[in-house]
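Heads up: the structure comes next, in structure tokens.
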Amino acid sequence: ALYEASQYDVYCWALDAAVNTQLQPRPNYMTQDYLDTAVGTDGSHAASSPSGGKTTKVWVKDMTPPTIIYVSSEALLEDTIQITLQLNEPGTVWCQPALPGVDAANVDVADIDATTYKAWIKGRSGLATFMQYVHNAYTNVDVEVNMLESQAGTAAASLQKETPYNLFCFAQDDWDIEAVNAAALSINFNYLAANVGGPNEILFAAASSFKTAIGQVTTLDLTPPVITISGIVSTETTVTVTLSLDETGTAWCQAVRTGFDVPTILEILDSNFYSVYTHNAMSPTPIMVSIIGYDRPRNSDNSYVTPLVLGTDYDVYCYADDDLCVGCKVTNGVSFATVTASQQFIRTLDLTSPQMRYIAAESIAHDKIIITLQVDEGVKVWCAAWDTDPLLDSAAGATDYRTMIKGKQADCEDNLGNQCGSFYVYDLDDIEDGSADGVSNKAQYDATKWKFNQDVDIIVKNLVEENDYPYIYCYAEDDEAAPNEMIWDAAANAGPRNVHTMGTEIGTVQTLDESPPIFTKLAMEDPTSVNDRIVVTFTLNE
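If you're matching positions, the sequence shown starts at 9 in the numbering used here and goes up one per residue.
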């Protein structure tokens, strides 16, 4: 059999039917020289005046479409897919992406059928024509596609990241080009009949089978997720951040003291407070990242975290990366600049009453008692003394312990003469919470007289000289917007938060006696009853 799309030299030889006188066959043969002589130089010679039997460069027509051979396919970028293929003969190939599911706006697999496949795969908009010439059979050729046409074929848009696509390819051979442009042609080529024809094109069945062989190819995701923080709340020991991402991924958050350096990404990851986010474009649902500590110091207990401190200002920073997409080597994480921009301010709640520790108490004058105490946070302190039971209680009213103790603040001051209720005992948080308390930086804090967990001297005055005061009570409330107060409970809940407990620890203190005695009686015999002495009779007021 002859081979398609091949040129042959054709030799034609003949003998006649001559006979001799006895009518026996005596044929005359064409000579070898005549056989090797060309027919002529153009088609007219072949038609009417051949000079010999040799015709060179006669084409055997190619009537078989090329075969597309699938090699590989992969996503190169977020918007680019590469298909590697071969043809079994030289030709031209076009490829076109299509969405796997039904889409009203853009090309999907159902749009490409036996009636549309050639035009749609070649591209109609002029913006999505992805073509490669195949110069040699069985040689790899790469076709890259990066646009998806609209159904109307008037526009095209870039492929979307992390999105699956099907790929259709169409091929035709270059038979017509090879035939017409051969280095040499026979004298009969296209003589009086244009019988070369067009290129051979694959059928829709072949294009559909090739699409199936490729399968779906998902574009890469090289873009980090976008973090949207929608809320942040706190308890005394936790901070909870509510956020969402624009794709499936994981978010980490860390809290640092306000004013501290922004944590590095590795520090945020090392704190290990995270939550996984599953993206649902139709019904996005935020996630919550719960921060239950400050950091995780390296020690023998890997579960230990440095606890957050109640009533403390923190800056919260978040980091996120996406899930590993198909074909990706690493996940995509947000930049440090994005982490810095995610800053959220939060103050942990302080719902706990201040704690007070009794250090000492003594009278320092006939009308003054000094009480030395400590508190565990920034507070205001009041103390009051009674020589009879004031019958304090915690019920609202005249005997309410807060009202009664604060009511004697005119007789209460620190050892600098500042009236109780007018000065603070400071803690480090006072540096951060604004300047209303007179402290907004470390230098101002260092210059203050009274600090938490250090001795504070409170003086109660205008007392009665040399008098027992068995009812000395001290009360503190912190500097929250709604202050947390020490309690009063004479029956239970004894401890450093209980005013009654503090009074019990102080006990009874007697004011000093600083007045000299005076006579209430002073008499003597005059003249004396004896000659060697004077007898004096007296009494004192003490």
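Glycine included, C-beta positions come from ideal geometry on N, C-alpha and C.
Presumed contact (8 Å Cβ cut-off) between residue i and residue j, rounded CB distance
| i | j | result |
| --- | --- | --- |
| C420 | W458 | About 14 Å; that fails the 8 Å criterion. |
| V247 | T356 | 7 Å |
| I235 | V342 | 7 Å |
| V18 | V66 | 5 Å |
| C336 | V249 | Incorrect: roughly 27 Å between the Cβ atoms, too far for contact. |
Cβ-heavy atom distance, residue i to the ligand ATP, below 7 Å
| i | result |
| --- | --- |
| N449 | The ligand ATP is not part of this structure, which contains no ligands at all. |
Cross-strand partners of residue i (DSSP beta bridge)
| i | result |
| --- | --- |
| V544 | M532 |
| N114 | S158 |
| F176 | Q104 |
| I237 | L251 |
| Y483 | W390 |
| L23 | Y37 |
| F527 | L548 |
| M139 | W102 |
| C261 | C326 |
| I295 | L251 |
Buried/exposed call for residue i, threshold 16 Cβ in 10 Å
| i | result |
| --- | --- |
| M155 | buried |
| E493 | buried |
| G223 | exposed |
| I195 | buried |
| C20 | exposed |
| M412 | buried |
| T320 | buried |
| P568 | As displayed, the chain neither begins before 9 nor continues past 550, which places residue 568 out of reach and without an answer. |
| I466 | buried |
| N174 | buried |
| M71 | exposed |
| V538 | exposed |
Where residue i falls: helix, strand or coil (DSSP)
| i | result |
| --- | --- |
| A165 | strand |
| I210 | coil |
| G335 | coil |
| S216 | helix |
| S279 | helix |
| Y409 | helix |
| M6 | Within the shown structure, residues of the chain are numbered from 9 to 550, placing residue 6 beyond reach of any answer. |
| Q382 | strand |
| V538 | coil |
| D465 | strand |
| I300 | coil |
| I120 | coil |
| G51 | helix |
| T63 | strand |
| V188 | helix |
| L95 | strand |
| W458 | coil |
| D181 | strand |
| K376 | strand |
| F431 | coil |
| Y453 | helix |
Any C-beta of chain D under 8 Å from that of residue i
| i | result |
| --- | --- |
| Q104 | In the displayed structure, chain D is absent; only one protein chain is listed. |
Does the contact criterion of 3 or more C-beta pairs under 8 Å hold for the segment 395–405 versus the segment 371–380? The segment 395–405 vs the segment 371–380: no contact.
Cβ contact check for the segment 505–520 and the segment 476–490: 3 or more pairs under 8 Å: yes
Counting pairs of beta carbons, one from the segment 208–224 and one from the segment 76–89, are three or more of them closer than 8 Å? yes
Any contact between the segment 159–172 and the segment 205–216? By contact I mean 3 or more CB pairs, one from each, below 8 Å. no
How do the segment 199–212 and the segment 137–157 stand: do at least 3 beta-carbon pairs fall below 8 Å, yes or no? no
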